[in-house]
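Asker:
Numbering (the numbering used here), first residue to last: 644 to 927.
1. Which residues in the same chain as residue 717 place their Cβ atom closer than 6 Å to its Cβ, once the five residues preceding and following it in sequence are excluded?
2. Enumerate in chain order the residues of its own chain whose CB-to-CB distance from residue 720 is below 8 Å, with the five nearest sequence positions on each side excluded.
3. How many angstroms separate the CA atom of residue 858 from the CA atom of residue 907?
4. Between 850, 888 and 764, which lies nearest to residue 968 when the distance is taken from Cα to Cα?
5. Beta-carbon within less than 8 Å of residue 884's beta-carbon, same chain only, minus the 5 sequence neighbours each way: which residues are those?
6. Go through its chain and collect everything with a Cβ distance to residue 805's Cβ below 8 Å, but skip five positions before and after it.
7. Going by beta carbon distance, what residues of the same chain come within less than 6 Å of residue 918, once the five residues before and after it are set aside?
8. Look up residue 787 in the DSSP assignment and give the residues it is bridged to.
9. Using the C-alpha atoms, what's the distance from residue 865 back to residue 912?
10. Rounded to whole angstroms, what's the CA-CA distance from residue 867 to residue 853? Just pull it up for me.
11. Going by alpha carbons, who is nearest to residue 861 out of 887, 898, 817 and 892?
12. For residue 730, name the three-state secondary structure that DSSP assigns.
13. How big is the Cα-Cα spacing for residue 696 and residue 690?
14. Using only the alpha-carbon positions, how far apart do residue 783 and residue 894 sit?
15. Secondary structure at residue 772, three-state DSSP: helix, strand or coil?
16. Alpha carbon to alpha carbon, how far is residue 890 from residue 774? Give it in angstroms, no decimals.
17. Below 8 Å on the Cβ atoms is my contact criterion, and I expect residue 920 with residue 834 to pass it. Report the Cβ-Cβ distance as a whole number of Å.
18. How about the stretch 783-797 and the stretch 756-768: do they share at least three Cβ pairs that are nearer than 8 Å?
19. Where does the unbroken alpha helix (DSSP H) through residue 820 begin, and where does it stop?
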């Protein structure tokens with residue numbers, strides 16, 4: 644019988660207090676059904692501090708789940724019942740289920756990356772589903788009063804940051820991710836206010852550029868496409884998209900400076916930022 648919400652919370656608190664160790668008589672299976680049932684619970688402590696943290700420690704640190712079960716969990720998390728649950732709705736609690744299903748993909752992908760348990764076609768399929776989620780998620784709230792973090796875009800950024808580290812990704816796969824990130828920055832109707840743009844930049848500045856996963860010329864071409872923001876007709880949407888794109892470009896620039904990487908692209912990033920910066924154009 645599945646644990647009730649209250650039973651789950653009490654037992655996970657006890658597990659966390661013991662450093663996320665399970666007793667000899669316990670298995671992850673004792674908890675998994677209830678954890679998935681409440682993965683998007685409005686109770687922030689249960690959802691974020693207990694369920695997610697247990698997923699992280701049990702999968703990444705404790706190695707409690709074998710590869711076949713981690714892969715099965717991956718498929719479930721990316722299904723219509725979890726990451727795509729009521730996708731497209733805004734302002735309600737369904738985003739919590741979607742967002743925290745996507746967040747749980749980070750430890751899953753970390754495990755698969757280290758264990759090598761995904762074949763090339765599986766990696767590409769996951770990449771495509773993450774992009775699909777990024778483009779279809781409309782509820783971009785960060786922190787929700789009385790319910791804690793929703794943070795759907797940041798959580799998807801984290802999962803994408805893992806997928807771009809798989810060696811089976813080809814240049815065209817990286818370009819798919821880059822174009823999806825750009826399109827999301829251009830299409831959202833709100834200014835990101837909880838580091839979403841910076842989290843999205845990490846996959847570019849910490850993996851794709853430093854590890855030369857995409858040629859410099861193609862990165863430059865991709866950066867040049869951000870001027871599409873100037874084609875947005877609605878003033879308010881254009882203003883918000885410019886702010887998101889500017890923050891994203893600046894995050895990449897300063898990350899590369901700090902890493903002492905991608906020097907051949909720094910001037911291109913400066914020129915891109917200038918093209919987006921209304922104040923620079925006004926006062927120059």
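For each residue, glycine too, the CB sits at the ideal point set by N, CA and C.
Answerer: Concretely, from the data shown:
1. Within the same chain, residue 717 has close Cβ partners 751.
2. 726, 744, 745, 747, 748 and 751
3. Distance from the CA atom of residue 858 to the CA atom of residue 907, rounded to whole angstroms, is 11 Å.
4. Within the shown structure, residues of the chain are numbered from 644 to 927, placing residue 968 beyond reach of any answer.
5. 828, 829, 830, 831, 872 and 875
6. 748, 749, 752, 753 and 756
7. 870
8. 791
9. For residue 912 and residue 865, the distance between alpha carbons rounds to 11 Å.
10. 19 Å
11. 817
12. coil
13. 9 Å
14. 19 Å
15. helix
16. 21 Å
17. Their Cβ separation, rounded to whole angstroms, is 15 Å, which puts residue 920 and residue 834 out of contact at 8 Å.
18. no
19. Per DSSP, residue 820 belongs to the alpha helix (DSSP H) from 814-830.
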